[in-house]
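Participant: In the order they appear, the protein sequences are chains A and B. If you count by numbering that gives the first Met the number 0, then the first sequence holds residues 0 to 506, one letter each, in order. If you count by numbering that gives the first Met the number 0, then the second sequence holds residues 0 to 370, one letter each, in order.
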Amino acid sequence: MLELREITKRFGDVLANDRVSVVVEPGTIHAIVGENGAGKSTAMRIAYGFYTADGGEIVVDGEVRKIATPHDAIALGIGMVHQHFMLVDTMTVAENIVLGAEPGSAATLDLQKAAREIGALSDEFKLSVDPEAMVENLSVGQQQRVELLKALYRHARLLILDEPTAVLTPQEVEEFFIILRRMREQGKTVVIITHKLSEVLAISDEVTVMRDGRVVGRVKTSETNAAELARMMVGRDVLLRVEKPDARAGRTVLSVKRLTVVVRSGGERGLRDVSFDVRAGEIVGIAGVEGNGQTELVEALAGLVHASQTSGAIEFEGRDITRTDARTRHELGIAHIPEDRHRRGLLLDFDLSENSILGVHYREPAVSRSPMLDTAAIRVRALELIKDFDVRPANPDLPARALSGGNQQKLIIGREFGLPPKLLLVSQPTRGVDIGAIEFIHRKLVGLRDEGCAILLVSAELEEVTALSDRLLVIHHGRIVAEVDPKQTTNEEIGLLMTGGSKANVE
Amino acid sequence: MKLLRELLFPLVAVAAAFVVGGIVVLLIGDDPIYTYKLLIGSALSWPDGIGRTLFYATPLIFTGLAVAVAFRCGLLNIGAEGQLYVAAFATAWVSIKLGGTVVDVFGTPVNYSWASLPAVLLVPLAILTAIVVGGAWGAIAGYLKAYFGAHEVITTIMLNFIAVALVSYFTQYHYKVPGDPILQTAPIGAAAHIPRLSAFIPGLPESIPLNVAFILALLACALVYVFLWRTKWGYEIRATGANPTAAEYGGISIRKQIVLAMAVSGGLAGMVGVNEVLGYHHRYYDSFSENYGFTGIAVALLGRNHPVGIIFSALLFGMLQRGAIPVDAFTEHVSKDLVQVLQAIVILFVAAEAAFRGSFGRFGLLKRSKV
Chain A
0 MLELREITKR FGDVLANDRV SVVVEPGTIH AIVGENGAGK STAMRIAYGF
50 YTADGGEIVV DGEVRKIATP HDAIALGIGM VHQHFMLVDT MTVAENIVLG
100 AEPGSAATLD LQKAAREIGA LSDEFKLSVD PEAMVENLSV GQQQRVELLK
150 ALYRHARLLI LDEPTAVLTP QEVEEFFIIL RRMREQGKTV VIITHKLSEV
200 LAISDEVTVM RDGRVVGRVK TSETNAAELA RMMVGRDVLL RVEKPDARAG
250 RTVLSVKRLT VVVRSGGERG LRDVSFDVRA GEIVGIAGVE GNGQTELVEA
300 LAGLVHASQT SGAIEFEGRD ITRTDARTRH ELGIAHIPED RHRRGLLLDF
350 DLSENSILGV HYREPAVSRS PMLDTAAIRV RALELIKDFD VRPANPDLPA
400 RALSGGNQQK LIIGREFGLP PKLLLVSQPT RGVDIGAIEF IHRKLVGLRD
450 EGCAILLVSA ELEEVTALSD RLLVIHHGRI VAEVDPKQTT NEEIGLLMTG
500 GSKANVE
Chain B
0 MKLLRELLFP LVAVAAAFVV GGIVVLLIGD DPIYTYKLLI GSALSWPDGI
50 GRTLFYATPL IFTGLAVAVA FRCGLLNIGA EGQLYVAAFA TAWVSIKLGG
100 TVVDVFGTPV NYSWASLPAV LLVPLAILTA IVVGGAWGAI AGYLKAYFGA
150 HEVITTIMLN FIAVALVSYF TQYHYKVPGD PILQTAPIGA AAHIPRLSAF
200 IPGLPESIPL NVAFILALLA CALVYVFLWR TKWGYEIRAT GANPTAAEYG
250 GISIRKQIVL AMAVSGGLAG MVGVNEVLGY HHRYYDSFSE NYGFTGIAVA
300 LLGRNHPVGI IFSALLFGML QRGAIPVDAF TEHVSKDLVQ VLQAIVILFV
350 AAEAAFRGSF GRFGLLKRSK V
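(1) Using beta carbons (cut-off 8 Å, strictly below), is D211(A) in contact with chain E?
(2) So, with DSSP's three-state summary, where would you put R361(B)?
(3) Just curious, the alpha helix (DSSP H) that E353(A) is in, first and last residue?
(4) Using only CA atoms, which one of A279(A), L461(A), G477(A), H329(A) lies nearest to G417(A)?
(5) Is M209(A) helix, strand or coil by DSSP?
(6) Short of 6 Å in beta carbon distance, which residues of its chain neighbour I333(A), apart from the five on each side in sequence? Order them along the chain.
(7) List, in chain order, every chain B residue whose beta-carbon is nearer than 8 Å to that of R342(A).
(8) According to DSSP, simplified to helix, strand and coil, what is K486(A)?
(9) Quick one: what's got a C-beta closer than 6 Å to D276(A)'s C-beta in the same chain, skipping five residues either side?
(10) Helix, strand or coil, according to DSSP, for M0(A) in the structure here?
(11) May I ask which residues mark the beginning and end of the alpha helix (DSSP H) holding R153(A)?
(12) Give me the subset of the segment 421–446 of chain A whose CB atoms are less than 7 Å from a CB atom of chain B, sorted by chain position.
(13) Within the continuous beta strand (DSSP E) that includes H29(A), where are the two ends?
(14) Shorter than 8 Å from the beta carbon of D348(A) to some beta carbon of chain B?
(15) Alpha carbon to alpha carbon, how far is H511(A) from E162(A)?
(16) With three or more C-beta pairs closer than 8 Å as the rule, is the segment 492–502 of chain A touching the segment 5–21 of chain B?
(17) Under 8 Å, Cβ to Cβ, is there at least one residue of chain B near V366(A)?
(18) How many Å lie between V166(B) and Q183(B) at the Cα?
(19) Taking the continuous beta strand (DSSP E) assigned at R282(B), which residues delimit it?
(20) If you draw a straight line from the C-alpha of K149(A) to the C-alpha of I177(A), how long is it?
(21) Helix, strand or coil for G186(A), going by three-state DSSP, please let me know.
(22) What's the gap between the Cα of E116(A) and the Cα of A14(B)?
(23) Measuring alpha carbon to alpha carbon, tell me which residue in E94(A), F124(A), F49(A), N35(A) is nearest A113(A).
(24) Measuring CB atoms only, is the segment 152–167 of chain B touching the segment 216–234 of chain B, in the sense that at least three cross pairs come out at less than 8 Å?
(25) Pick helix, strand or coil for I181(B), following the three-state DSSP scheme.
(26) Beta-carbon of I126(B) versus every beta-carbon of chain A: anything under 8 Å?
(27) In chain order, what residues of the segment 314–338 of chain A put their CB closer than 9 Å to some CB of chain B?
(28) Assuming G20(B) and V349(B) are in contact, meaning their beta carbons sit under 8 Å apart, how far apart are those beta carbons, in whole angstroms?
(29) With H, G and I counted as helix, E and B as strand and the rest as coil, what does DSSP make of G308(B)?
(30) Answer yes or no: do E415(A) and I336(A) have a C-beta to C-beta separation smaller than 8 Å?
(31) Just mark A328(B) as buried or exposed, buried being the case when its beta carbon has 16 or more other beta carbons within 10 Å.
(32) When the Cα atoms are used, what is the spatial distance from G272(B) to L215(B)?
(33) Have a look at M0(A), F175(A), G38(A), S197(A) and flag the residue whose alpha-carbon is nearest the alpha-carbon of R9(A).
(34) Go ahead and label V19(A) buried or exposed: buried means 16 or more other beta carbons lie within 10 angstroms of its beta carbon, across all protein chains shown.
(35) Around the C-beta of V242(B), are 16 or more other C-beta atoms found within 10 angstroms, so that it is buried, or is it exposed?
(36) Quick check on DSSP: helix, strand or coil for A436(A)?
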């Protein structure tokens with residue numbers, strides 16, 4: 000169906016694709032895996048006409064084709080769904096889908112006809128999308144199905160999906176895979192770009208593995224396993240399981256009492272009447288479908304929610320800190336690795352040195368008494384951090400923007416570890432991070448725990464929270480609905496609790 | 000290498016502006032080469048051209064810095080014009096009230112003052128007044144933004160109107176010498192005068208109004224650089240401008256930074272009053288500003304919101320202003336508005352480049368984070 004032959008693409012000094020060859024058989028689901036920066040998206044964007052290759056050729060249905068723009072790709076039956084949806088929130092599903100391919104004559108728009116066609120397509124693939132619905136009212140999973148419909152409406156026979164599950168909940172991923180399988184049955188071909196190995200194994204027929212801009216392997220999914228794929232991706236053996244000794248929990252560090260957070264425009268969102276403790280030397284995990292109050296919980300604990308929006312009490316080492324600001328809490332020893340590193344964690348246009356002092360920029364050693372920044376001391380400290388946390392490239396003068404997600408995350412983790420913290424609030428520590436870096440971050444977190452730090456861990460990756468946590472709290476609709484022992488509980492049971500099933504149902 | 004990249008686009012913008020301006024001159028029916036020779040030659044002639052170019056550049060350095068500091072905090076200060084007006088009036092007021100007996104427009108000695116301070120006290124006090132009053136006027140917009148969410152573009156524009164009307168009113172009804180047909184205050188005390196640079200530079204005639212304020216402007220550039228990039232306060236202002244949610248996460252109070260940045264910005268704009276009142280007219284002269292506050296936005300934009308860039312772009316705009324008069328006088332058809340055309344084209348190109356860079360940056364980001 001689609002074949003890339005010796006595709007080469009340069010961005011400035013970076014060789015993003017080096018003689019990349021991919022063969023996608025018709026009627027299959029083909030996974031392209033690799034770490035961030037391996038060149039997966041670049042190769043597929045070339046196939047979709049988003050970039051033009053510097054060398055090599057694209058073969059569609061056995062013929063060499065020139066794909067200079069997405070229009071060419073669409074004409075050949077190739078569709079692409081991007082990681083970030085390209086939908087207009089204030090328009091209906093049908094309006095979004097026809098955008099750019101409006102039915103009717105030049106001056107008129109036959110939306111009704113379009114809606115009928117879209118409805119038929121939705122039924123054919125059992126997508127259950129209402130063409131008349133407003134996009135802003137749809138869930139993320141539904142929006143993704145709208146993106147699929149957009150491609151199908153343009154008669155795509157081959158769908159390229161860029162990290163499609165990154166934004167989905169575990170349940171939505173399941174539904175999504177059912178849809179993909181159904182599409183395969185109907186004769187469509189699917190290319191799925193991902194770095195999640197469990198998903199590759201669950202959904203694909205064949206896998207192409209990329210590393211550093213090259214294809215390093217092509218295997219049938221049935222003939223491989225996670226360890227082998229990980230080794231090919233990273234280039235060395237990777238520890239996929241977290242190894243940690245049992246926690247030796249000490250005194251209570253954080254005590255949350257009936258904490259409620261009201262979100263101004265949120266309606267159902269927010270946090271309701273949450274109480275729990277975190278002790279020194281233990282990792283307490285919060286499992287839950289995203290958007291069930293985790294963000295509000297962590298931000299309230301970090302002092303980033305205005306006091307007027309909260310009630311209840313937060314005690315840190317026996318002291319009531321409910322009404323203190325973020326800076327005071329930081330000074331007390333509460334570090335925070337935020338869920339969204341671009342929004343909260345980094346100043347992307349600042350260099351690594353400057354980023355390494357965010358939060359401690361006003362006190363020693365960043366400044367020494369006078370208001371002047373001690374640039375020499377800051378640089379020395381930044382270099383140490385870069386070395387200890389393996390931030391690459393190891394250049395403190397680079398802007399944070401120039402780093403990959405994993406290295407940005409390591410920079411933040413290094414900065415927050417340097418506090419040093421008595422309590423660490425950590426949210427989505429490995430989101431968008433390479434497998435190699437995930438292993439590194441997990442080891443660092445366990446190491447910090449063993450030094451006696453109390454850690455509150457929030458992650459949308461169920462496997463991550465269950466593997467790292469010593470105790471696991473399940474959150475649903477802003478309430479803690481259960482506390483479970485992660486060693487004694489299966490992911491299915493936790494998954495049920497996360498979606499509102501009761502503990503009684505589980506047991 | 001990085002510096003080269005930073006320089007490239009401003010230079011291209013300026014070159015492009017001259018090319019397009021040349022075409023305009025051609026269409027009007029004059030010789031572009033001759034026109035530009037007039038423009039640049041007169042602006043760079045010694046001593047008259049250079050002296051006046053530097054004099055015109057002085058207020059633009061201050062307003063350029065003012066806009067840049069606010070911009071580094073993510074704020075667009077359109078209010079430098081109002082800030083410099085209130086500051087100029089205030090510095091004149093202090094210099095009148097504490098300046099002793101003066102000779103008014105009719106040649107009569109008059110005393111409007113409460114006291115007569117010596118120059119060593121009066122000059123610093125007058126400068127401080129300009130900074131504090133300009134800063135306070137700027138801080139109003141900052142406060143409204145920080146605590147009530149009023150957009151600074153709107154509030155600073157409105158505060159401009161208020162400032163202009165307010166100082167006009169005080170000049171007209173309270174501080175004008177009775178019978179003076181010109182809308183201006185009484186002269187300031189001689190002790191408040193700051194020297195013209197002709198006193199220090201041989202060959203520079205006394206008629207050139209270039210004064211110590213120019214040296215203060217260069218000093219301000221150095222101070223702004225140190226403040227923004229070498230102090231914790233500057234770090235907080237820049238962090239707020241770069242990413243307010245991350246700044247908040249870093250324990251920085253966004254509200255305080257907004258007020259602080261607007262105050263510093265207003266203070267810098269206020270320094271224009273020092274050049275004008277203490278260095279040039281020696282009185283508050285109504286509507287003296289030739290849109291310095293607004294041209295400052297262009298100066299900052301072209302200078303990449305960096306003190307060094309601002310010096311160069313202020314010099315360029317100063318040159319254009321100086322060269323406009325001979326172009327008007329010695330060409331057949333071209334009027335001095337040509338300079339405005341050139342300025343506008345420079346701004347257009349710089350703005351276009353920013354847009355281009357923005358989209359380029361986005362692609363760059365996509366490339367790095369999602370390959």
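A virtual CB, placed ideally from N, CA and C, is assigned to each residue, including glycine. Given the structure is predicted, the values throughout are model-derived calculations rather than measurements.
Facilitator: In brief:
(1) Considering every chain present, this structure includes no chain E. Its protein chains are A and B.
(2) For this step, residue 361(B) is matched to residue 362 along the second sequence. Here the model assigns R361(B) a pLDDT of 40, short of 50, so the residue's position is not dependable and the matter cannot be decided.
(3) Within the first sequence, the letter at position 354 stands for residue 353(A). Run containing E353(A): 351–354, per the alpha helix (DSSP H) assignment.
(4) Numbered from 1 along the first sequence, position 418 holds the residue referred to as residue 417(A). For the residues A279(A), L461(A), G477(A), H329(A), the minimum Cα distance to G417(A) belongs to H329(A).
(5) Taking the first residue of the first sequence as 1, we reach residue 209(A) at position 210. DSSP, read as helix, strand or coil, puts M209(A) in strand.
(6) Along the first sequence, one-based indexing puts residue 333(A) at 334. Excluding positions up to five away in sequence, the list reads L422.
(7) On the first sequence, position 343 is the one that residue 342(A) refers to. Near R342(A) (Cβ distances below 8 Å), the residues of chain B are N242, T244, A245.
(8) The residue labelled residue 486(A) in the question sits at position 487 within the first sequence. In this structure, DSSP gives K486(A) a state outside helix and strand, which the three-state scheme calls coil.
(9) Counted from its first residue, the first sequence places residue 276(A) at position 277. Hits under 6 Å: T251, S254.
(10) Taking the first sequence and counting its residues from 1, one reaches residue 0(A) at position 1. When DSSP states are grouped into helix, strand and coil, M0(A) belongs to the coil group.
(11) As a position in the first sequence, residue 153(A) is number 154, starting the count at 1. Counting along the chain, no alpha helix (DSSP H) covers R153(A), and no H or E run does either.
(12) Answer set for the segment 421–446 of chain A: empty.
(13) Here residue 29(A) refers to the residue found at position 30 when the first sequence is read from its first residue. Run containing H29(A): 28–32, per the beta strand (DSSP E) assignment.
(14) The residue given as residue 348(A) occupies position 349 in the first sequence. Closer than 8 Å: yes.
(15) What is shown of chain A runs 0 to 506, which leaves residue 511(A) out entirely.
(16) Between the segment 5–21 of chain B and the segment 492–502 of chain A there are fewer than three inter-stretch CB-CB distances shorter than 8 Å, so the stretches are not counted as touching.
(17) Walking along the first sequence from the start, residue 366(A) turns up at place 367. Interface residue, yes.
(18) As a working note, residue 166(B) is residue 167 in the second sequence. As a working note, residue 183(B) is residue 184 in the second sequence. In this structure, the straight-line span from the alpha carbon of V166(B) to that of Q183(B) is close to 10 Å.
(19) By 1-based counting over the second sequence, the position of residue 282(B) is 283. In the DSSP assignment, R282(B) falls outside any beta strand (DSSP E), carrying neither H nor E.
(20) Translated into the one-based positions of the first sequence, residue 149(A) becomes position 150. Translated into the one-based positions of the first sequence, residue 177(A) becomes position 178. Cα to Cα, the separation comes out at about 18 Å.
(21) Mapped onto the first sequence, residue 186(A) falls at position 187. DSSP places G186(A) in coil when its eight states are reduced to three.
(22) As a working mapping, residue 116(A) is identified with position 117 in the first sequence. As a working mapping, residue 14(B) is identified with position 15 in the second sequence. Cα-Cα distance, rounded: 55 Å.
(23) As a first step, residue 113(A) is located in the first sequence; it is residue number 114 there, counting from the start. Selected option, being the one with the closest Cα: E94(A).
(24) At 8 Å Cβ cutoff, the stretches do not touch.
(25) Mapped onto the second sequence, residue 181(B) falls at position 182. Under the three-state reduction of DSSP output, I181(B) falls in the coil class, being neither helix nor strand.
(26) Reading the second sequence from its first residue, position 127 is the one you call residue 126(B). Output row for I126(B): interface = no.
(27) From the segment 314–338 of chain A, only D324, A325, R326, T327, R328, H329, E330, H335, P337 have a Cβ closer than 9 Å to chain B.
(28) Walking along the second sequence from the start, residue 20(B) turns up at place 21. Walking along the second sequence from the start, residue 349(B) turns up at place 350. Rounded, the Cβ-Cβ distance is 15 Å, inconsistent with contact.
(29) If you number the second sequence from 1, residue 308(B) lands on position 309. Looking at G308(B) - three-state DSSP - the assignment turns out to be helix.
(30) Taking the first residue of the first sequence as 1, we reach residue 415(A) at position 416. Taking the first residue of the first sequence as 1, we reach residue 336(A) at position 337. With contacts defined as CB atoms closer than 8 Å, E415(A) and I336(A) qualify as a contacting pair.
(31) The sequence position of residue 328(B) within the second sequence is 329, counting from 1. Exposed, since its Cβ has fewer than 16 Cβ neighbours within 10 Å.
(32) Position 273 of the second sequence, counted from the first residue, corresponds to residue 272(B). Position 216 of the second sequence, counted from the first residue, corresponds to residue 215(B). Taking the straight line joining both Cα atoms gives about 12 Å.
(33) Taking the first residue of the first sequence as position 1, residue 9(A) is located at position 10. The shortest CA-to-CA distance from R9(A) to any of M0(A), F175(A), G38(A), S197(A) is the one to G38(A).
(34) Along the first sequence, read from residue 1 onward, the residue named residue 19(A) stands at position 20. Its Cβ being crowded by 16 or more others within 10 Å, V19(A) is buried.
(35) The residue you call residue 242(B) lines up with position 243 of the second sequence. The amino acid occupying residue 242(B) in the given sequence is Asn; Val does not appear at that position. It counts as buried.
(36) As a working mapping, residue 436(A) is identified with position 437 in the first sequence. Looking at A436(A) - three-state DSSP - the assignment turns out to be helix.
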